[in-house]
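First comes the structure, then the notes that go with it.
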Amino acid sequence: MAEHRMFSQEIVETDKFLNMPATAQNLYFYLNLHADDEGFVGNPRAIKRMIGASDDDYKLLIANRLIMPSNEGLYMCEEVTKWGKIIH
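First residue of the sequence shown: 730, per the numbering used here; consecutive thereafter.
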């Protein structure tokens, strides 16, 4: 897990993001904080439980294409991959 994260205003200040419930927004931030530099999170359901987010919050992030399922069963956060492309 990376130690530093930046969040893009291009994502977190959009109407699409701000129209989501605060619990879904919180889940998005926590998933990003736990992602590696490639944007993969190995324990997204544990993070969801840890912060009290619902399955609907999780599904909303997928529906809004803010996180995506991967072939390995992990989840990729777009914010992290965008950041990774900038620093690499």
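All residues carry an ideal CB built from backbone N, CA and C; glycine is no exception.
| query | result |
| --- | --- |
| Going by other Cβ atoms of all chains shown within 10 Å of its Cβ, with 16 needed for buried, is residue 791 buried or exposed? | exposed |
| Taking the CB atoms as reference points, tell me whether residue 752 and residue 782 lie closer together than 8 Å. | yes |
| Would residue 762 and residue 773 qualify as a contact pair, given that the criterion is a beta-carbon distance under 8 Å? | no |
| Considering only DSSP beta bridges, list what residue 804 is partnered with. | 770 and 798 |
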